[in-house]
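Colleague:
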Amino acid sequence: MFAQVKLMISGKFAEFHKKLGTNEDLEFRVRTAVKALEDVLPLDVQCECKDSQVSSNLRKEADRLFFEEKGNLVSLLQAWEFYSKSIALAESSSRELPLAYANRSAILYNLKKYEQCVRDINRALELNYPDTLKANLLRRKAKCLKLLGKPEAEDVCEEAKRWLQNIKLNDKNKEQLEHKIQTATQITELPKVEDISSKKSLLKFKRHERISCASDAIDLKYDEANGRHTVANRDINVGEILVFEKPYALLLKPERIYTHCSHCFIRAWDSIPCPNCIHAMYCSTKCRDKAWEQYHDIECPIKGYFLSLTMNDLAPFSLKLAILAVREAGGIDKLRQQLKEVDSCTDPLTKGFSEENIYRSDIYKPLYCLESHKDKRWLQEVVSMTMNVAVILYFVFTLTSFFGETTSKSLEALSDNEDAIFIGKLIAHHYMIIQVNDHEINEIDHNGCNHSLGAVVFPFSSLLNHSCNPNATRIPVIGEDNSIQQIIIAQHPIKKGSQIYDDYGFDFAMENASIEKRKELCNKYYFTCECLACKENWPKLNDLPSIFSFSLGKERKTEVKKAVNKTWKYGKSISFADVNRLDAESKDVLKTLAQAVTILYKCSSQPSKEFYHRKMLPPDQILSILKLDGLVEEIKNKNDCKQRVQITLQAIEKMLPLDVKCEQKDSKESKALRNEADTFFVKRKGDNKALFKALQMYTKSIALAENSSTELAQAYANRSAILFNLDKLEECIRDIDRALELSYPDHLKANLLRRKAKCLKLLDKTDFDKVCEEARQWLENMTVSDEKKEKLESKIVYINKELGTKSQLEQNEDLQKITLPEIIRNETIPSASDAISIKYTNVFGRHLVASRDIDVGEILVIEKPYASVLSSPNIYTHCSQCFKRTWDSIPCDKCIYAMYCSEKCRSEAWQQYHDIECSIKGYLIGLRMNDLSGLSLKLAILAVRESGSIRKLRKKIRKIDNCEDYLMKSISEDGIYHSDEYRPFYSLVTHEQNRKRYDLLALSLNTAITLYYLFSFTSFLGDNTMKDLSALYENEDAMFLGKLIAKHHMQLELNDHQFNEVYNGENIKIGSVIGSVTSLLNHSCNPNVGRCSRLQDSVLQQVIIALHPIKEGSQILDDYGCNFAFTLKSERDKYIERFFFKCNCIACKDIWPLFEDLPSILSIITDKEKKVEVARAIIRSKKHHNTITELRVNKHPGDKETILSNLIDSIKIVFEATSKPNREYIELIQLFCQAFVLIHGNFFELH
């Protein structure tokens, strides 16, 4: 582009442009461009070279970052990159090179990269590292060797002492250093862990006889419409691996040069430089030597010029391919001859095949034969490309010997050099091929985010054509030789003869895949997409219909429901820290998902939400999980939590610091989100659901805005407009006041005050006129046109004269909950009724029983949870402390992951737990840990705060553990079961002894990662400024808390409950809660009680209500999510396994049928009078169906308590008529539960 601009300046560009248009021959165009350089040269570009002074400056900047922000991981990584660039810039024999190696070793030590640290130290010592500094450097080496369990650590310590004797230091400094050397080998050796990266690949498939990188399930075909493409030669199942291919060539992005190996793309912690240039770093001498032999000897002297000219990656990549091709052929002449033979082949299918008639993607010919679309390109494209090619040729010709030793380096000699023009033509050919065939290789962090490392070419994979609804997907993997490779895996069932399709960047179901973007993508690749998704304009994922809305038939519907339920847990919990939920023990994760996709695909050809949810699960993450066998074997026999955590920390240490995105306050991001919400608001102003979405966007904008910033004020002000349109007038006023208290722009205040005055008038507040007057005063100071002033003035006048007030009914139209019936409190269980008591047996453990006969509808428990955690998707809609739906929420001052309904809730949260979780919550969310991980930590914080300190908590727990009476473990010294204290929760079961080894691994991973962040970013475990991981291993408080967090996680898996909100008629989970009394309820598939989530005066409550009459002495039973009437027996058995028991309820013993197969009660009862009574009860209850709908939309004018009373009477009549299961009884129970939740529960309706 630089050369093209210079040609324009010279006035010769039009002539050059015209000349290229007269002849489409590529050789002619390259030669013409070379000659045109005469009007461009000299290019006057700088090429950054080795420079010890610049190296020294970079090293010093890295030193500053390291010492000033030692505990900051981001700063450590930045310093590491600066040191690496300092190493690249240092001249080979300079003093700077050993200093840069030595200083980088300090970063590597702090990043726990001990082996890499030792290598850097050795490099520094092999060079002229100053004698005066060797003692301290050898001390660091000794520490690493000790941590790695190397016996030579002691010898290195002795060597450090010898060097110390030769240093001229004052006695005090010498004593300090001598003490550090003496204690260097006294640190605890890290536990040994098998290197799980060396495990053999799980990817195996039967190879094709003629396509070395492909499965025998596919063939290569050719036709005019599709070109060369791949098809299935047999039916292919979901999950089958179709291609396993190494790239022919790779090119690292310039911004990754100092972080990754230029040859193999691996992250290079202790990289070594090219001795001649600063634009290539390598992970090892092996990679450096290979690169030099294959291509870097040519690109080395010229690569810097390309970067200075800001050429895109296509230009140097095209040259690299030409160099590789020449080296592979054995010379330019031999390559020219080979390509003549390829060009003479008339069969488009086998063109580029090897002499053995095999498609080999590891040789150049297949790449050369890829589609370039040269005949479809605009002339402007060709002009830009040929100028780039000419510049490349100029540098190769003048600065390298690639075209042989030539006496003349003139442009004339270049344009007459046939080898050069041939290579130029080849580079141009590559340029066009790469544009439509290269792929990005991404590095996936623990947040699931892709970071591009560079471009690669996979010749065979490039033959896959595009569909917006692809049946295959690509996954980059690391091969057994640590090389970058790619697999292609089937994600639909593929019929024999069908084409294999990939997508070129946009799957129709993706959120950002608009029709316009898909068309733009197709234009880039010179084709028109005619897939079914484009033809029928399929909606995006969130707008797809549910498969259950299709006509499936009873059997198919049951099959689909089973498949969906079986895989739902994977969609919720696929992440590095959720291995236990993937059942990797039996190696059937991929198989389970593949079977589900197959069933959904078979049952309906129409696109459905369920199908695409399961198709889009990230298989690369599942594959990485299945490689954890080594770690599992290491920890499986460790009964001690401390050992398991230490081993796991050692295993993940190679990945530390974790590359996890943690969103911070960012006014720029806040503004962008606010602008997006503005646009959304203006376009869809009358749509309440759209307004609700805009409200969430404004709320997140408020969370992102920095404290006291203009952005925060504007976000509050703009959200007030949404609140006004949603008739949330008091909330609107609060947001306006917040905006005005901050730095809200003066020129906008008049309009904002006008809105406040409208709210006050509608609320019939007398001070609205004062606000109107204030609005007029600000209006006078505004510098706007008279027309706009008059318009705004008239709006203010309208408030005074014409705007009415809202009626009292309108102002109080929110759903008013009826007070719960009073219960007689249990003297020993304050959150329970006197109708129940706690018992213990070896079979049932601690459980609840009826201490008297209990009637249907009796409230048995009203319990405030000991702890709760809001689900991540609800952060910007609900209060993080009390779960109340918030319209005008306020943010945490420090993080973006907590919003509150009031200052009271914000202050309470900070005092109780959020001051600790605040700085690490974003990382846990970034790692996609499930809600239980955050709640496990929160419980530990609450327990410590309740006890007064970790030491006091340890003492209290020791006392509980020593209690031999299992029932009394949870009872306080005053003989009361206090569910608002930690003790009852601590005593809940964990079933640790029954857990599978992968379960233990997941617990260890969760605990280790949580402890790592707790240790690194908070002072909860003490003020450790060094943040040395070895100090974490030895920190008894940390290991105690780790054990506690792991225990909490196991307890929560068995005992946590959803806290729900009825939202537009659906029961939606908004968070998880744990209550010590409600956790004592055992399971039955035919339960006698039900639960209700309730918010009373901003206090969370779990309400337990009797659904059946319960006899004295009978156990109180809940269902854990699998009621017999709606879940098959086999599915119930599978589901209950996670709770480590087998259900023996009567519904399971007698194998009661599903709801649709239950008999009518009228067919069971024989007594005529009883039948009439039951029929009347059923008829009365059915009248309540419409009543329930009126309740849902808050339009029922009658006595809501009467509704419940009538339903209870009907349940009693039907229950007493027969003990046999029947359809009507189940309907009555469901209707009663629904009515109870709508009257007493947590409810929200958006019209």
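Our numbering puts the sequence shown at residues 2 to 1248. Virtual Cβ for every residue (Gly too), placed ideally from N, Cα, C.
#1: Tell me which residues share the same chain as R910 and place their Cβ nearer than 6 Å to its Cβ, disregarding the 5 neighbours each side in the sequence.
#2: Assuming K51 contacts A91 under a Cβ cut-off of 8 Å, what Cβ separation, rounded to an integer in Å, is found between them?
#3: If you measure between the beta carbons of Y502 and N538, is that distance less than 9 Å?
#4: Please state the DSSP three-state secondary structure of F1244.
#5: Please determine, among E300, F266, P302, A414, the residue with the shortest C-alpha to C-alpha distance to C288.
#6: So the beta strand (DSSP E) F245 belongs to, where does it begin and stop?
#7: K366: buried (16+ other C-beta within 10 angstroms of its C-beta) or exposed?
#8: For N1089, which of K222, G1076, S362, A1148 has the nearest alpha-carbon?
#9: Using the Cβ count rule (16 or more neighbours within 10 Å means buried), how would you classify D121?
#10: Is DSSP giving M900 helix, strand or coil here?
#11: Where DSSP assigns a beta bridge to P274, which residues make up the other side?
#12: Quick one: what's got a C-beta closer than 7 Å to N708's C-beta in the same chain, skipping five residues either side?
#13: Assuming I303 and T401 form a contact by the criterion Cβ under 8 Å, report the distance between their Cβ atoms to the nearest whole angstrom.
#14: Is the separation between the beta-carbon of C278 and that of V244 shorter than 9 Å?
#15: If we count the other Cβ atoms within 10 Å of its Cβ and call it buried at 16 or more, is T152 buried or exposed?
#16: Would the stretch 1004 to 1020 count as touching the stretch 852 to 865 if we require 3 or more Cβ pairs under 8 Å?
#17: Are the CB atoms of P317 and I258 within a distance shorter than 9 Å?
#18: Would you mind working out which of G935, Y914, C919 sits nearest A944, comparing C-alpha positions?
#19: Does the separation of the CB atoms of S838 and I825 fall below 9 Å?
#20: Kindly list the residues whose CB is nearer than 7 Å to the CB of C1093, restricted to its own chain and excluding five residues on each side of it in sequence; keep chain order.
#21: Which residues in the same chain as P349 place their Cβ atom closer than 6 Å to its Cβ, once the five residues preceding and following it in sequence are excluded?
#22: Just verifying my parser: in three-state terms, what is the DSSP assignment at A941?
#23: Please state whether the Cβ-Cβ distance between S869 and L936 is less than 9 Å.
#24: If I measure Cβ to Cβ from Q47 and keep anything under 6 Å in the same chain, skipping five residues before and after, which residues do I get?
#25: Restricting to runs no shorter than 4 residues, where is the alpha helix (DSSP H) found entirely within the stretch 941 to 1029?
#26: Alpha carbon to alpha carbon, how far is A491 from E712? Give it in angstroms, no decimals.
#27: Considering only residues of the same chain and omitting the five flanking positions on each side of L705, which have a CB-CB separation below 7 Å?
#28: How would you write the range of the beta strand (DSSP E) that G425 sits in, first residue to last?
#29: Give every residue of the same chain whose Cβ lies closer than 6 Å to the Cβ of H979, excluding the five residues on either side of it in the sequence, and list them in chain order.
#30: Can you tell me which of V327, A391, H430 puts its alpha carbon nearest to the alpha carbon of K36?
#31: Mapping the DSSP letters down to three states, classify Q1116 as helix, strand or coil.
#32: Please classify A161: does DSSP put it in a helix, a strand, or coil?
#33: Consult DSSP for V239 and reduce its assignment to one of helix, strand or coil.
#34: Taking the beta carbon of R235 as the centre, do at least 16 other beta carbons fall within 10 Å, making it buried, or is it exposed?
#35: To the nearest angstrom, report how far apart T1250 and I917 are at their CA atoms.
#36: Could you give the DSSP three-state label for T842: helix, strand or coil?
Modeller: Looking at the atomic coordinates:
#1: Position 909 of the sequence shown holds residue 910. In the sequence on display, residue 910 carries Ala and not Arg. Correct list, in chain order: Q882.
#2: The residue labelled residue 51 in the question sits at position 50 within the sequence shown. The residue labelled residue 91 in the question sits at position 90 within the sequence shown. Confirmed, Cβ separation roughly 7 Å.
#3: Position 501 of the sequence shown holds residue 502. Position 537 of the sequence shown holds residue 538. Going by C-beta atoms, Y502 is not nearer than 9 Å to N538.
#4: Along the sequence shown, read from residue 1 onward, the residue named residue 1244 stands at position 1243. If DSSP states are grouped into helix, strand and coil, F1244 belongs with the strands.
#5: Numbered from 1 along the sequence shown, position 287 holds the residue referred to as residue 288. Checking every option, the nearest Cα to that of C288 belongs to F266.
#6: Here residue 245 corresponds to residue number 244 of the sequence shown, with the count starting at 1. Its beta strand (DSSP E) spans residues 242 to 246.
#7: As a working note, residue 366 is residue 365 in the sequence shown. It is buried - the Cβ of K366 has at least 16 other Cβ atoms within 10 Å.
#8: Within the sequence shown, the letter at position 1088 stands for residue 1089. Of the listed residues, the one whose Cα sits closest to N1089 is A1148.
#9: For the purposes of this step, residue 121 is identified with residue 120 of the sequence shown, where counting begins at 1. So D121 counts as buried.
#10: Against the sequence shown, residue 900 aligns to sequence position 899. If DSSP states are grouped into helix, strand and coil, M900 belongs with the strands.
#11: Within the sequence shown, residue 274 is the residue found at index 273, counting from 1. P274 is bridged to M282.
#12: Sequence index remark: in the sequence shown, residue 708 carries index 707 (1-based). Contacts found: D894.
#13: Numbered from 1 along the sequence shown, position 302 holds the residue referred to as residue 303. Numbered from 1 along the sequence shown, position 400 holds the residue referred to as residue 401. Yes, I303 and T401 are in contact; Cβ-Cβ is about 7 Å, under 8 Å.
#14: Here residue 278 is taken as the residue at index 277 of the sequence shown, counted from 1. Here residue 244 is taken as the residue at index 243 of the sequence shown, counted from 1. No, the pair does not count as a contact, with Cβ atoms beyond the cut-off.
#15: What you label residue 152 is simply residue 151 of the sequence shown in a count that begins at 1. Here the sequence assigns Pro to residue 152, which means Thr is not the residue at that position. Exposed, by the Cβ-count rule.
#16: no
#17: Locating residue 258 in the sequence shown gives position 257, where the first residue counts as 1. Locating residue 317 in the sequence shown gives position 316, where the first residue counts as 1. For I258 and P317, no; Cβs fall outside 9 Å.
#18: The sequence position of residue 944 within the sequence shown is 943, counting from 1. Of G935, Y914, C919, the residue nearest in Cα terms is Y914.
#19: As a working mapping, residue 838 is identified with position 837 in the sequence shown. As a working mapping, residue 825 is identified with position 824 in the sequence shown. Cβ atoms of S838 and I825: not closer than 9 Å.
#20: The residue labelled residue 1093 in the question sits at position 1092 within the sequence shown. The answer, listed in chain order, is V1104, I1106, F1237, V1238, H1241, G1242.
#21: Against the sequence shown, residue 349 aligns to sequence position 348. Closer than 6 Å at Cβ, skipping near neighbours: Y223.
#22: By 1-based counting over the sequence shown, the position of residue 941 is 940. Note: A941 maps to helix in three-state DSSP.
#23: Taking the sequence shown and counting its residues from 1, the one referred to as residue 869 is at position 868. Taking the sequence shown and counting its residues from 1, the one referred to as residue 936 is at position 935. Contact: yes.
#24: Reading the sequence shown from its first residue, position 46 is the one you call residue 47. Once the five neighbours on either side are set aside, the close Cβ partners of Q47 are S309.
#25: 951 to 963, 983 to 987, 998 to 1018
#26: Position 711 of the sequence shown holds residue 712. Position 490 of the sequence shown holds residue 491. If I take the Cα positions, the gap works out to 47 Å.
#27: Here residue 705 corresponds to residue number 704 of the sequence shown, with the count starting at 1. These residues qualify, in order along the chain: K666, D667, E670, S671, L674, I897.
#28: Residue numbering aside, residue 425 sits at position 424 when the sequence shown is read from its first letter. Unbroken run through G425 is the alpha helix (DSSP H), 419 to 438; no beta strand (DSSP E).
#29: As a working mapping, residue 979 is identified with position 978 in the sequence shown. Only S973 meet the Cβ criterion.
#30: Walking along the sequence shown from the start, residue 36 turns up at place 35. That would be A391, whose Cα lies nearest to the Cα of K36.
#31: Locating residue 1116 in the sequence shown gives position 1115, where the first residue counts as 1. In this structure, Q1116 counts as strand in the three-state DSSP scheme.
#32: Indexing the sequence shown from 1 puts residue 161 at position 160. In the structure shown, A161 sits in a helix (DSSP, three-state: H, G or I).
#33: Translated into the one-based positions of the sequence shown, residue 239 becomes position 238. In this structure, V239 counts as coil in the three-state DSSP scheme.
#34: As a position in the sequence shown, residue 235 is number 234, starting the count at 1. Under this definition R235 is an exposed residue.
#35: Nothing can be reported for residue 1250, as the shown portion of the chain is limited to 2 through 1248.
#36: In the sequence shown, counting from the first residue as 1, residue 842 sits at position 841. Reduced to three states, the DSSP call for T842 is strand.
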